[in-house]
Amino acid sequence: MLQFYSYRLTVRQNFSAIHHAGKILQQYIVDAYVKTEQNRLAFHRQNQKILRVELYKSLMDHLASEAAIQRSKLGRIISLLSNFQGSSRAMQQNYQHAMGIVRKCGKPDLFITFTCNPRWKEIQKQLFPGQTSSDRPDLIARIFKLKLKQLIDDIVRNHIFGRIVAHLFVIEFQKRGLPHCHMLIILANENKPRDSNSVGRIVSSEIPDADQNLQLYEMMKSRMIHELCGVLNKNSPCMEDGKCIKEFPMEFPNETAPNKDGYPRYRRRDNGVIPKVGKYEVDNRWVVPYNPHLLMKYDAHINVEVCATVKSIKYLFKYVYKGRNCANIKQKLLVKDAATFAKTLEWDEIKAHLDARYISAPEPETVWRLFELLLHDKSHSIIRFAIHLPNMQPVYFAEENELEALDPATEKDATLITWFKLNRDNLDARRYLYHDIPNHVVFDRENKWKRRQQGGKVIGRMYSVSPRDTERYHLRLLLLHAPGGCSFEELKTLDNEICQTFMDAAKRRGLLCDDTEYERCIAEAVIFQMPSQLRTLFYVILLHCNPSNPIDLWNSFKTNMTEDFMRHFDAETAEAMAFYDIEAMLAEQGRSFSDFGIPVPSVFCPLQSKNINKEEELRFGQKMYETLNEAQRLAVDKILGAYHGRSATTVSCFFIDGPGGAGKTYLYNTLCHLFIGQGVSVLTVAWTGIAVNLLSVGRTVRSRLKLPVPILETRLHPIFDQTPRKPTQLERLSSSFETEHR
1 MLQFYSYRLT VRQNFSAIHH AGKILQQYIV DAYVKTEQNR LAFHRQNQKI
51 LRVELYKSLM DHLASEAAIQ RSKLGRIISL LSNFQGSSRA MQQNYQHAMG
101 IVRKCGKPDL FITFTCNPRW KEIQKQLFPG QTSSDRPDLI ARIFKLKLKQ
151 LIDDIVRNHI FGRIVAHLFV IEFQKRGLPH CHMLIILANE NKPRDSNSVG
201 RIVSSEIPDA DQNLQLYEMM KSRMIHELCG VLNKNSPCME DGKCIKEFPM
251 EFPNETAPNK DGYPRYRRRD NGVIPKVGKY EVDNRWVVPY NPHLLMKYDA
301 HINVEVCATV KSIKYLFKYV YKGRNCANIK QKLLVKDAAT FAKTLEWDEI
351 KAHLDARYIS APEPETVWRL FELLLHDKSH SIIRFAIHLP NMQPVYFAEE
401 NELEALDPAT EKDATLITWF KLNRDNLDAR RYLYHDIPNH VVFDRENKWK
451 RRQQGGKVIG RMYSVSPRDT ERYHLRLLLL HAPGGCSFEE LKTLDNEICQ
501 TFMDAAKRRG LLCDDTEYER CIAEAVIFQM PSQLRTLFYV ILLHCNPSNP
551 IDLWNSFKTN MTEDFMRHFD AETAEAMAFY DIEAMLAEQG RSFSDFGIPV
601 PSVFCPLQSK NINKEEELRF GQKMYETLNE AQRLAVDKIL GAYHGRSATT
651 VSCFFIDGPG GAGKTYLYNT LCHLFIGQGV SVLTVAWTGI AVNLLSVGRT
701 VRSRLKLPVP ILETRLHPIF DQTPRKPTQL ERLSSSFETE HR
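Taking the UniProt record's numbering, the leading residue of the sequence shown gets 1, the next gets one more, and so forth.
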């Protein structure tokens with residue numbers, strides 16, 4: 001279908017009515033794109049049950065838990081895989097691949113934004129009489145693609161900035177706007193801009209002298225002046241809270257100065273050059289950084305920034321891979337009766353993609369996709385390596401042919417299994433680590449390793465594993481340090497003795513003798529994880545890994561964990577906010593930073609707790625109450641009556657009993673939602689984790705009340721009168737649930 005529409009949209013010598021149709025052409029392109037994408041999405045939807053993979057266990061567990069919380073049954077799960085261009089999985093995968101390049105080649109040095117110019121002579125010459133560039137999105141797409149190819153050749157092959165180590169680019173389309181390209185360039189060490197002179201040779205932020213170069217002067221004035229904002233135009237799109245988000249107008253520094261955490265402060269001298277743009281005069285403070293050679297050659301908005309000093313480099317990559325335009329939708333579901341309340345929870349990523357999709361008629365993205373032009377590219381190929389425990393590799397099978405999946409003859413080996421086989425068959429391959437093997441051999445479509453015949457830009461990347469997944473995490477640790485493994489057992493073998501677990505093997509190899517592994521773990525995560533994820537990782541390491549020197553870990557990485565707060569607050573406040581964010585997570589497990597010897601910051605700045613929608617909770621509780629049977633309603637009425645009719649010294653206790661499936665948990669959740677909706681603090685506990693997962697706000701008895709396991713007469717309870725605890729946990733406990741024995 002794509003080839004058909006690409007053929008129809010190609011201009012030929014014969015008269016083509018569609019290319020003279022103006023807005024009808026735009027509508028035709030939108031309709032064509034919607035049909036082709038709908039066809040591709042239909043293929044993904046229809047083939048959900050043809051191929052399944054035992055790969056989404058964590059997703060299934062999460063959805064089952066969500067269904068229990070929402071009092072729903074788990075319905076269909078429809079995934080939109082990473083091979084669908086534009087899906088969230090595809091964007092996340094591209095981001096991870098880009099960070100793999102950073103891990104291998106270093107941080108990018110240049111950030112270039114290249115925007116299409118609709119006044120290019122190549123576009124204007126091809127327009128039919130009476131047409132404007134917006135009437136021909138097909139023409140804009142083709143010309144911009146050719147210009148972009150030439151720009152990439154200039155940078156990568158002609159080395160106008162020096163030798164290139166790696167590069168990547170992403171094409172974006174603004175709503176009802178022109179295509180533009182974001183490009184990140186990593187230069188060789190000898191060409192990196194390290195001082196003001198080298199930065200000045202690449203980037204200029206000044207208006208050129210019209211007497212020396214009138215053509216450059218006119219291009220710069222029309223292409224590289226920031227849209228007037230601030231007091232000159234308070235309604236400019238760049239204005240937020242009365243300030244320009246790009247910080248224009250800038251200051252007048254006489255020399256380029258590096259910025260410790262951001263872009264350099266480029267030279268912007270007050271040299272008296274003040275051209276008139278519109279009805280206002282502008283100076284160097286309004287100039288968007290550019291490269292004079294590129295501006296002269298391409299006559300387009302080309303923003304060139306030196307980004308080697310940007311500390312939070314992952315934000316650049318998140319910006320580049322932020323994805324396509326989406327429409328913001330707010331939907332409120334009103335439940336009119338009890339029958340509709342018993343709903344089904346469905347995970348439909350295809351529907352979510354369609355619901356938020358935004359398609360604009362003049363926007364060239366539709367025709368760009370119809371022509372199957374590249375939306376992103378990179379200099380290196382990234383090969384992903386699986387990390388799985390023995391007999392837990394992904395298994396692909398047809399829905400009704402589960403037994404065939406167990407047949408070894410039909411098994412398609414995962415990369416780890418084939419690496420073991422390669423090492424058994426090839427002694428030379430045993431010199432290489434798991435993730436380094438692609439530099440020496442090729443993993444073909446038949447899942448076989450073959451010696452690499454030609455050198456290529458290839459990077460191996462192992463999937464990241466959380467320390468919570470203890471065995472897989474330590475298996476990955478062994479693979480990072482132990483070359484030439486021939487089997488899982490060999491990885492666990494040391495001095496002819498097979499360890500019981502991969503953790504034991506890592507300990508015996510000296511990989512866990514100090515905090516080096518935890519430092520390496522966080523340092524690796526810093527490359528591609530956001531600050532909130534780093535804080536969660538630090539919390540997990542504190543809670544489950546027992547580091548020997550937690551305060552050194554905190555001091556080493558607290559700056560990385562505060563990057564999101566640093567964008568809006570000073571360093572001291574940002575550190576305090578990160579501290580109290582982790583402290584809140586530790587408090588949920590009955591721990592504190594003080595347990596690990598990490599001092600409290602001087603600034604008290606706790607994050608606001610998650611707001612509870614009392615109205616929504618009460619509505620849920622009332623709808624659940626309407627579905628109760630007679631016995632359940634009797635119990636709920638007694639408990640509610642006891643609470644609302646209590647005195648200051650009254651304590652009520654109820655006992656609920658019934659066979660499995662009688663509706664006890666449903667009754668508990670009904671009470672929880674009713675009480676929370678009335679602003680009452682509720683504490684629910686259960687003996688087992690399985691039971692806790694069925695409660696709306698549940699915790700285990702061991703976790704919440706610190707009861708020892710097992711409970712013996714000789715064991716002391718760890719909570720004493722002097723034990724600090726939050727009032728919301730015990731003192732404000734308003735009710736315990738119980739009914740009459742039945």
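Glycine included, each C-beta is placed from N, C-alpha and C at the ideal position.
Alpha-carbon to alpha-carbon, residue j and residue i
| i | j | result |
| --- | --- | --- |
| F252 | I274 | 14 Å |
| A338 | K614 | For A338, the predicted model reports a pLDDT of 41, less than 50, meaning its position is unreliable and no value from the coordinates is stated. |
| F720 | E471 | Any reading at F720 must be qualified, since the residue scores a pLDDT of 45, below 50, and its modelled position is unreliable; no value is offered. |
| Q46 | I78 | 10 Å |
| E402 | M392 | Confidence at E402 is low in this model, with a pLDDT of 49, below 50, so the placement of that residue should be treated as unreliable; the coordinate-derived value is given next. Approximately 15 Å, taken between the alpha carbons. |
| S6 | D138 | 10 Å |
| residue 743 | S82 | Residue coverage of the chain in this structure runs from 1 to 742, which leaves residue 743 outside it and unanswerable. |
| V165 | N191 | 10 Å |
| G689 | V701 | 9 Å |
| L628 | T366 | 52 Å |
| P483 | D428 | 11 Å |
| S236 | V199 | 30 Å |
| V692 | K664 | 13 Å |
| F4 | L228 | 45 Å |
| D154 | I245 | 31 Å |
| D515 | C545 | 10 Å |
| V441 | A386 | 17 Å |
| G106 | I676 | 51 Å |
| E349 | Y95 | 19 Å |
| S16 | K35 | 22 Å |
| P438 | T418 | 12 Å |
| N555 | M530 | 18 Å |
Whole-number beta carbon distance between residue j and residue i, since they are thought to touch under 8 Å
| i | j | result |
| --- | --- | --- |
| R267 | S205 | 7 Å |
| P108 | I186 | 5 Å |
| L491 | L477 | That belief does not hold up - the Cβ atoms of L491 and L477 are roughly 10 Å apart, past 8 Å. |
| C486 | R424 | 5 Å |
| P601 | A576 | 4 Å |
| M220 | F114 | Rounded, the Cβ-Cβ distance is 16 Å, inconsistent with contact. |
| V170 | H376 | 4 Å |
| H388 | L416 | 6 Å |
Bridge-paired residues (DSSP) for residue i
| i | result |
| --- | --- |
| R451 | V441 |
| E305 | F111 |
| F385 | M462 |
| T684 | G698 |
| G239 | Per the sequence shown, residue 239 should be read as Met rather than Gly. Answer is C244. |
As assigned by DSSP and simplified to three states, the class of residue i
| i | result |
| --- | --- |
| D425 | helix |
| T470 | helix |
| V651 | coil |
| R357 | strand |
| S592 | coil |
| V11 | coil |
| C499 | coil |
| K457 | coil |
| A578 | helix |
| H376 | strand |
| C605 | coil |
| D348 | strand |
| E206 | coil |
| M585 | helix |
| E190 | helix |
| Y280 | strand |
| Y290 | strand |
Run of the beta strand (DSSP E) containing residue i, from where it starts to where it stops
| i | result |
| --- | --- |
| M219 | No beta strand (DSSP E) holds M219; the alpha helix (DSSP H) holding it covers L214 to R223. |
| S532 | First-last for S532: P531 to H544, but that is the alpha helix (DSSP H), not the beta strand (DSSP E). |
| E255 | No beta strand (DSSP E) holds E255; DSSP gives it neither H nor E. |
| M183 | P179 to L187 |
| A166 | I164 to F173 |
Residue range of the alpha helix (DSSP H) that includes residue i
| i | result |
| --- | --- |
| M392 | From DSSP, M392 is part of no alpha helix (DSSP H); its letter is neither H nor E. |
| R699 | Not the alpha helix (DSSP H): R699 falls in the beta strand (DSSP E), residues G698 to T700. |
| Y95 | S88 to C105 |
| S556 | P550 to M561 |
Residue i beta carbon near the ligand ATP (any heavy atom closer than 6 Å)
| i | result |
| --- | --- |
| L228 | In terms of ligand content, the structure shown is empty, and the ligand ATP therefore cannot be addressed. |
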